[in-house]
């Protein structure tokens with residue numbers, strides 16, 4: 001089976017004049033298959049966000065290749081990149097900040113649809129459908145980001161990500177800024193979406209909470225200082241950690 | 001407990017209301033000023049350009065409220081007619097400067113790299129130079145006239161707006177919502193016009209409102225120095241300049257346009273202040 005996302009040798013070196021180069025991500029490689037949910041865990045500063053930003057091309061990589069559905073997107077720009085964004089979407093860490101404070105949630109969700117040539121009326125209908133799918137009501141389309149709670153805003157952010165029917169959904173610490181009960185609600189929503197979309201939706205789930213990853217992901221990568229130090233099925237990794245860092249990570253929770 | 005909390009709520013409500021009242025008052029005053037300058041021909045008691053040498057240098061009286069100048073022209077009429085040139089050229093000037101400075105600033109902030117460095121060093125040079133002196137030099141080279149005075153003042157005033165717009169753009173560029181817009185497939189123009197501009201325009205507009213007063217004074221200053229409007233055009237700055245040699249014998253000819261400048265600068269400054277208070281996110285929507 002062809003992977004949805006294939007990352008080869010991905011590296012990011014930050015260079016600043018007068019300072020030694022800092023390797024944030026060091027030759028990592030992994031594959032994500034259709035319908036799979038891959039967890040990526042690691043402490044702050046381990047390079048999780050850098051990896052995600054390189055995959056979504058918000059940040060240029062120093063070395064390596066990113067293949068989305070077999071197409072090399074590592075150096076795409078402009079139109080080609082916009083085409084790639086129809087296959088790949090992201091849910092951000094801070095829900096309220098990921099919506100323009102001067103636009104309604106409906107505008108934000110419908111933006112990608114409008115950009116892909118959908119008419120205003122069709123977009124409105126589709127936004128209503130997406131909001132309902134994500135457990136909100138169509139009325140939320142006319143609200144502003146500061147008028148909804150964090151959990152509701154994150155649901156709207158998921159609706160926005162799903163608008164273009166992407167094959168790859170990246171959740172960059174999508175639950176981290178929410179409280180525990182809302183975290184569970186969002187996870188339940190993501191689980192529903194997985195069941196509903198089947199093999200058409202793969203999720204890359206970035207998280208620092210190993211318990212959530214165990215609950216949600218089918219496979220997990222442990223990132224430490226820019227390197228993948230361990231990977232496998234979450235239960236395996238948790239019960240029989242091989243790497244000293246993974247062991248420490250698990251001990252710190254128990 | 002409830003009895004103690006109530007006054008706090010009421011105080012906040014009253015404060016908010018005063019800001020709105022101030023906005024209405026100063027907005028209305030500014031509107032009156034604008035209407036005055038639009039319909040100035042119909043408001044003048046006498047023809048502002050008609051000379052009446054028999055009545056020259058007449059002190060303020062019931063017939064001539066602000067007196068007459070050395071050619072016997074009615075000062076009140078001249079001040080009223082002068083409002084059109086003074087106020088409209090000021091508004092035009094502020095409009096051009098705001099648009100130009102914002103454009104440069106957004107471009108620099110968005111594009112970055114070498115072009116940002118070059119344009120910002122140029123703006124540093126402008127900021128480091130005494131503004132009015134430079135404006136005099138520019139107006140001197142281009143020659144007198146209101147149009148050239150406006151060009152000169154645009155040349156010295158844009159860096160302030162470019163700086164504000166640039167720093168605001170840089171701050172907006174890193175926000176998650178802009179990344180989200182990028183992921184939604186929005187192009188550069190759409191991101192700038194739909195997301196960046198609406199979010200940065202608040203502080204820029206407030207600055208330009210506050211600048212109306214300053215610009216009016218600088219324009220009057222250039223006219224006073226003979227680099228702005230040419231006689232016999234009624235313009236407040238040049239009217240003051242014309243009469244300055246007579247200041248000790250016929251003070252009203254200088255004081256009348258001076259008073260007009262003072263009042264309009266005051267109104268626009270207070271309006272700018274009020275708009276800033278009103279636009280403050282902390283007081284909005286509470």
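Chains as they are written, first to last, in the numbering used here: chain S, 1 to 254; chain R, 1 to 286. Each residue gets a CB set at the ideal place from its N, CA and C atoms; glycine is no exception.
- Rounded to the nearest whole angstrom, the C-alpha separation of residue 179/S and residue 58/S is 28 Å.
- Contact with chain R is absent for residue 105/S, since none of that chain's Cβ atoms lies less than 8 Å from the residue's Cβ.
- In the three-state reduction of the DSSP assignment, residue 246/S falls in the helix class, which pools H, G and I.
- Under the Cβ criterion (8 Å, minimum of three pairs), the region 45-55 of chain S counts as touching the region 5-19 of chain S.
- Distance check between residue 38/S and each of 3/S, 60/S, 63/S and 46/S places 3/S closest, using alpha-carbon atoms only.
- Counting along the chain, the unbroken beta strand (DSSP E) around residue 172/S starts and ends at 168-172.
- Comparing C-alpha distances from residue 177/R to each of 108/S, 249/S, 188/S and 85/S shows the shortest one belongs to 108/S.
- Short of 8 Å from the beta carbon of residue 90/R, and not among the five residues preceding or following it, lie these beta carbons of its own chain, in chain order: 212, 215, 216 and 219.
- One alpha carbon belongs to residue 267/R, the other to residue 130/R, and they sit about 26 Å apart.
- Taken through DSSP and simplified to helix, strand or coil, residue 64/R comes out as coil.
- Not one beta carbon of chain R lies nearer than 8 Å to the beta carbon of residue 132/S.
- Residue nearest to residue 169/S within the set 185/S, 67/S and 85/S is 85/S (criterion: CA-CA distance).
- What residue 54/S touches in chain R, judged by beta-carbon distance under 9 Å, is nothing: the nearest beta carbon there is about 13 Å away.
- Contact check between the region 169-184 of chain R and the region 202-212 of chain R: fewer than three CB pairs, one atom from each, fall below 8 Å, which does not count as touching.
- The beta-bridge partner set that DSSP reports for residue 206/S consists of 40/S and 172/S.
- Taking residue 249/R as reference, the option from 68/R, 44/R and 40/R with the minimal CA-CA separation is 68/R.
- With a threshold of 8 Å between beta carbons, residue 111/R makes no contact with chain S.
- Taking the CA atoms as reference points, residue 207/R sits about 54 Å from residue 199/S.
- Scanning chain S for C-beta atoms nearer than 8 Å to the C-beta of residue 176/R yields 92, 93, 94, 97 and 98, reported in chain order.
- Annotation for residue 155/S: 134, 135 and 136 place their beta carbon closer than 6 Å to its own, counting only its chain and skipping 5 residues before and after.
- With its beta carbon at least 8 Å from every one in chain R, residue 120/S lies outside the interface.
- Rounded to whole angstroms, residue 230/S and residue 28/S show a C-alpha spacing of 11 Å.
- Given a length threshold of 4 residues, each whole run of the alpha helix (DSSP H) inside the region 191-240 of chain S is given here in chain order: 210-216 and 234-239.
- Considered as a whole, the region 117-187 of chain R harbours 131-142, 146-173 and 176-183 as its complete alpha helix (DSSP H) runs of no fewer than 4 residues, in chain order.
- The Cβ atoms of residue 114/S and residue 104/S do not sit closer than 8 Å to each other.
- Per DSSP, reduced to three states, the secondary structure at residue 240/R is helical.
- Comparing C-alpha distances from residue 228/S to each of 25/S, 20/S, 175/S and 93/S shows the shortest one belongs to 25/S.
- Assignment of alpha helix (DSSP H) within the region 120-190 of chain S, counting only whole runs of 4 or more residues, yields 120-133 and 150-162 in chain order.
- Excluding the 5 residues flanking it on each side, residue 148/R has same chain C-beta neighbours closer than 6 Å at 139 and 142, in chain order.
- Among the residues of the region 160-186 of chain R, those with a Cβ less than 9 Å away from any Cβ of chain S are 175, 176, 177, 178, 179, 180, 181, 182, 183, 184, 185 and 186, in the order of the chain.
- Taking a C-beta distance under 8 Å as the contact criterion, residue 94/R and residue 260/R do not qualify as a contact pair.
- In summary, the residues of the region 192-221 of chain R whose CB is separated from some CB of chain S by less than 7 Å are 195, 198 and 199, in the order they occur in the chain.
- Interface flag for residue 152/S against chain R is unset, since no Cβ pair is found closer than 8 Å.
- With its beta carbon less than 8 Å from one in chain R, residue 112/S belongs to the interface.
- For residue 26/S, the enclosing beta strand (DSSP E) stretches over residues 22-32.
- With fewer than 16 other Cβ atoms inside 10 Å of its own Cβ, residue 239/S counts as exposed.
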